[in-house]
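Taken in sequence, the protein lines are chains A and B.
Counting in our numbering, the first sequence runs from 460 upward without gaps.
Counting in our numbering, the second sequence runs from 3 upward without gaps.
Every residue, glycine too, gets a C-beta built ideally from N, C-alpha and C.
Please read these numbers as outputs of a predicted model, since none were measured by experiment.
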Amino acid sequence: MVGHASRRGRALQATDISRPEYFLKVVDCQLACPAHTPVPEYIRLIADGRYTDAYMINWKSNVFPGILGRTCDRPCEPACRRGRVEEEPVAICRLKRVAADNKSDISARLPKAAPKNGKKIACIGAGPASLTVARDLAPLGYEVHVYDADKKAGGMIRSQIPRFRLPEEVIDEEVGYITALGPVMHLERRIDSLKSLLKEGYDAIFVGTGAPRGRDLDLPGRKEAAANIHIGIDWLSNVSFEHTNKIGRRVIVLGGGNTAMDCCRTARRLGGEDVKVIVRSGFEEMKASPWEKEDAIGEDIPILNYLVPKAFIHEGGRLTGMTFEKVKAEKDAKGRRQLVPTGEPDQHFECDDVLVAVGQENAFPWIERDIGMAFDKWDMPVVHQETMQSTIPNVFFGGDAAFGPKNIIWAVAHGHSAAVSIDMFLNDQDIAVRPPPGVTVISQKMGIHEWSYDNDIANDRRYKVPHRDKAQSLKDVKAEVELGFDQGLGFKEAQRCLNCDVQTVFTAKVCIECDACVDICPMDCITFTDDGEEAELRTRLKAPALNLGQDLYVADGLPTGRVMVKDEDVCLHCGLCAERCPTGAWDMQKYLIDITQAGPKCRTR
Amino acid sequence: MTYIVKPKLHHPSLPKNDLGFTRRDYEGRISTLCAGCGHDSISAAIIQACWELSIQPHRLAKISGIGCSSKTPDYFLSQSHGFNSVHGRMPSVLTGANLANRDLIYLGVSGDGDSASIGLGQFAHSIRRGVNMSYIVENNGVYGLTKGQFSATSDKGSKSKKGVENTESGIDLVALALQLGATYVGRSFSGDKDQLVPLIKGAVSHHGPAFLDVISPCVAFNNHAGSTKSFDYVREHNEAVNRLDVILGRAPITTEYRPGELREVTQHDGSVLRLRKLHDDYDPTNRIAAANYLQERHAEGEIVTGLLFVDPDATDLHDRLGTTAQPLNQLGASDLTPGAQALAKINAGLR
Ligand SMILES: Cc1cc2nc3c(=O)[nH]c(=O)nc-3n(C[C@H](O)[C@H](O)[C@H](O)COP(=O)(O)OP(=O)(O)OC[C@H]3O[C@@H](n4cnc5c(N)ncnc54)[C@H](O)[C@@H]3O)c2cc1C
Ligand SMILES: Cc1ncc(C[n+]2csc(CCOP(=O)(O)OP(=O)(O)O)c2C)c(N)n1
Ligand code: SF4
Ligand code: SF4
Ligand code: SF4
Ligand SMILES: [Mg+2]
């Protein structure tokens, strides 16, 4: 297509909507989800009461819907368009749980194992990354062997995430769906040498061993008071595995990430009455998700900021407290933020126990450095961002082991990519050429003003997930705090979704430029104007297109020689443009974008 | 017809006017007209103009007759007064309302059938009386509501949807309005809001009878080849004489104009109509020249648009009748019914 040249400058290229990337980008949540879960599709199914179908869509994409519906870091929500048109995004994550809680038996819908293809895969670690590889490859006929040092599969999902956020039955259920597909589980088997494993004749090896080492704080008094200073992640796994069931009355938690939030809330349930979180930097800069901080504060846990730990204070071999230096944030000459001492006297806090949650690290003592695997200057294996391949062609990485600690959904996404790579690699395909996603386009038109999706926009504000009574919650470390949306609330929250996958598709050759769509659009998305360069064009639309992260949909070939420009940014997908168009130049079409997973579809070349 | 309610959500950067309202606050109910109807674009232009002028909605009365065009007041300014009157009778209802309450802004909305066929007499007399109003005809050349019969503004030779040719002469309401003494006369096209919105703003801020003929294609019955009121035909034959900016108060000129390109007309309330000339020798304050130009171009098959005539020193019916300065609803009982003695005095004066 050739853009119409104009006096305003070079023409902007007309949009090629046949590229799957174009409309995938419009579905903000799906794009932001590392596994590209088709969010609006499952939300519609929830609204329709089709919980099992909604669950299966999730299960295919993100493997652990019940787990993620309670624990996901939800990168989709800050991306959700609803957050740009009113105050808060759709509660995408908690809707996933509605599907999981209300589904019926799914066993008949799980994949059946194909006849064995004679190829053997080893997965080291049984966390979400490895389990995803196993789930994707076992049904294709691969013989998958999963090794883990722990007694049960699940990785940090089981060892770290506290039970009051994630009941163990949910882990058992969803890990169980995968082990039922027939991978050989070698539990309580630590791999001590990659070199020897490489000799065992596996066609490919996947390393999903996580980031197992918690950072320590080497401060004065650390050794002397060691009995009451605990590394957060070690302490949490001891609680999960019921080796630890109490803590002192006064507890200090060091660190501002999600691990610190789990530590302090767990401490509150094991006898900690005076539990506080102390962070070096500001409250705003903390790594923990806003909702995690909110929940901690709600459990009477103060978060004190701008305090840098200086020493553990002890008496007769017993920890009695900690001192901190007071700091403030200042910009240095180069404009970088720095913490500088305020000059005030150090602050002392008494305590009985300290939980150190200041970060996690990778550690690969079991990978020999003479087997041809390249490591970078941070002593991390060199892993390709997309294929997950290491410098040993048949060894792949994923999850926290690949690029440092992230979260479950990234581990799953890595698992899918690695499974695709392994499947392609063992079928002599070039793994650098990634398979394109599958796209199913379905027009939503049923009558003149009838659509097969619910295009009426709900005005409701985001619903809150009901919580268990606080006093009861704090008594029992296993009592799940969040009760989940019931079906009624789930329906209402689902109605807030804007169906961003139902796309506005424009056909210039039938448009008569009557302006009906321009006039009706509640969000001023559409403009008919002279062509021009994008930056300049963005300023002279019906509403300025200031969000550069969102594309302009440009079409030429109109009778007047102008172009149609639609700013995708805040479109409600309400379909009013299509309803008011006399010629059908706008149509509402569902673009179901399905990321290609391991299997025949990824090896079509 | 659209079934859902237009969502309340709006663009996050939607600006507010001096009253703190967004454009969306000036909307009405969702239109029940055919999708693509030009009339809906005119409604959108009225909304835009009233928003830009920061009109307090309760200070405006929208009065119409019968027809698709006359239905449109339901689709804008929901917070304003409205009267959907009888076919062709908008002008007399408007005149009455205006006489009773001269403080409101009067927007008369009509169709070509409503004003040029059944209501031609009413149209003529309201203009010649000089009622202070903005009279907008949404002109599609047909009776849209009754399924597309030719109206009196349909051009001779224009073809119906079924191919039948109109053999009668069309009435040019702009020419009539000029002759009848309208003090602000313009023509525009529903498909050109850049031109239409300022023309409506100018009409609303004009003191005196302002008339706008807005060509508004009927997508259902008059948008085919052979019609002289279709989108394509109007776009091809549109000949704009000027582009208008309406400035309330004395705002400095920010845009650059070539010498001689700009013509300012200051009305006697101080509002300035700033015209960017598209025709060197078109003088919008010369009624006779305007009428001549219109006839000439019409003979050439062109549709002249823009602000065609304005009398900056216009007066209205109230000025001429010397009526009381206050709306009747603000007068006390003794002023309204001064009693038998006062009547006797008047009667005596007439003997
Ligand atoms: C306290 C805490 C709370 C968290 N909460 C959340 C949350 O709410 N939401 C979220 O998304 N993420 C959360 N995370 C992060 C999340 O748990 C991890 O990102 C995720 O589990 C990583 O998955 P993985 O498959 O890469 O490895 P892991 O889950 O770490 O699993 C690795 C497995 O490998 C095994 N292993 C390691 N080395 C060997 C070896 N040499 N031989 C055999 N087995 C080995 C380990 O025993 C372990 O079972 C949390 C993390 C922590 C520490
Ligand atoms: C007294 C009377 N006569 C006839 C009609 C039938 N009628 C309804 S609308 C209409 C014509 C309207 O034409 P126009 O004013 O051009 O409006 P449009 O629908 O084209 O916008 C007619 C003749 C009527 N409603 N009342
Ligand atoms: S509104 Fe729905 S489809 Fe759109 S980004 Fe949010 S959750 Fe996704
Ligand atoms: S679907 Fe159409 S009318 Fe609705 S917001 Fe998007 S562009 Fe506007
Ligand atoms: S409503 Fe349809 S025909 Fe009219 S301008 Fe929009 S796309 Fe074109
Ligand atoms: Mg008509």
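- Contact of threonine 1019 (chain A) with chain B is assigned, a C-beta pair being separated by under 8 angstroms.
- According to DSSP, residue pairing for methionine 781 (chain A) in a beta bridge involves A:Phe771, A:Phe808.
- Going by DSSP, histidine 320 (chain B) is part of no beta strand (DSSP E) but of the alpha helix (DSSP H) stretching over 319-323.
- Among the CB atoms of chain A, one or more fall inside 8 angstroms of the CB of phenylalanine 233 (chain B).
- Proximity annotation: ligand 5 has residues A:Cys970, A:Ile971, A:Glu972, A:Cys973, A:Asp974, A:Ala975, A:Cys976, A:Arg1039, A:Cys1040, A:Pro1041, A:Thr1042, A:Ala1044, A:Trp1045, B:Gly38 in chain order, each selected because its CB is closer than 6 angstroms to a heavy atom of the ligand.
- Partner residues in the beta bridge of methionine 644 (chain A), as assigned by DSSP, are A:Val605.
- The C-beta of tyrosine 137 (chain B) comes no closer than 8 angstroms to any C-beta of chain A.
- Look at valine 144 (chain B): its beta carbon is less than 7 angstroms from one of the heavy atoms in ligand 6.
- For alanine 494 (chain A), the closest Cβ of chain B is not nearer than 8 angstroms.
- The Cβ of aspartate 42 (chain B) sits closer than 8 angstroms to at least one Cβ of chain A.
- Of all residues in the region 204-225 of chain B, only Pro219, Val221, Ala222, Asn225 come within less than 9 angstroms of chain A when Cβ atoms are compared, listed by chain position.
- The alpha-carbon separation between alanine 770 (chain A) and asparagine 821 (chain A) amounts to approximately 26 angstroms.
- Proximity of chain B to proline 548 (chain A) at the Cβ level (cut-off 9 angstroms) is not reached, the minimal Cβ distance being about 14 angstroms.
- DSSP places tyrosine 501 (chain A) in no beta strand (DSSP E) but in the uninterrupted alpha helix (DSSP H) bounded by 498-506.
- For proline 75 (chain B), no Cβ of chain A is located within less than 8 angstroms of the residue's own Cβ.
- Using a 10 angstroms sphere on the CB of tryptophan 869 (chain A), the tally of other CB atoms reaches 16 or more, which defines it as buried.
- At a C-beta separation below 8 angstroms, asparagine 914 (chain A) has these neighbours in chain B: Ile6.
- Under the three-state reduction of DSSP output, glutamine 151 (chain B) falls in the strand class.
- Here threonine 530 (chain A) is buried: its Cβ has 16 or more other Cβ atoms, across all protein chains shown, within 10 Å.
- Considering only A:Asp759, A:Asn717, A:Gly716, A:Gly741, the residue with the shortest C-alpha distance to lysine 735 (chain A) is A:Asp759.
- In the structure shown, lysine 279 (chain B) adopts extended strand secondary structure according to DSSP, grouped into three states.
- Just measuring C-alpha positions, the residue of A:Glu827, A:Arg708, A:Asp882, A:Phe862 sitting nearest asparagine 853 (chain A) is A:Asp882.
- At a cut-off of 8 angstroms between C-beta atoms, proline 1041 (chain A) counts as an interface residue with respect to chain B.
- At a cut-off of 8 angstroms between beta carbons, leucine 11 (chain B) contacts chain A.
- Cβ-Cβ distances below 8 angstroms link aspartate 935 (chain A) to Phe623, Arg728 in the same chain, with the five nearest sequence neighbours on each side left out; the list follows chain order.
- At a beta-carbon threshold of 8 angstroms, the residues of chain A lying near proline 14 (chain B) are Arg543, Val544, Val1029, ordered along the chain.
- In the DSSP assignment, alanine 581 (chain A) forms a beta bridge with A:His604, A:Ile664.
- The CB of glycine 38 (chain B) comes closer than 8 angstroms to the CB of Ile971, Cys973, Ala975, Arg1039, Cys1040, Pro1041, Thr1042 in chain A, given here in chain order.
- Assignment of beta-bridge partners to glycine 673 (chain A) by DSSP yields A:Gln819.
- For valine 892 (chain A), the closest C-alpha among the options A:Glu845, A:Gly874, A:Ser849 is that of A:Glu845.
- DSSP, reduced to helix, strand and coil, places tyrosine 922 (chain A) outside both helices and strands of the structure shown, so it counts as coil.
- Counting only runs of 4 or more residues that sit fully inside the region 113-149 of chain B, the alpha helix (DSSP H) segments are 122-131, in chain order.
- Contact between leucine 182 (chain B) and alanine 126 (chain B) holds: their C-beta atoms lie close to 6 angstroms from each other, under 8 angstroms.
- In the structure shown, the three-state DSSP call for serine 880 (chain A) is helix.
- Here arginine 478 (chain A) is exposed, its C-beta having fewer than 16 other C-beta atoms within 10 Å.
- Aspartate 838 (chain A) sits in coil when the DSSP states are folded into three classes, being neither helix nor strand.
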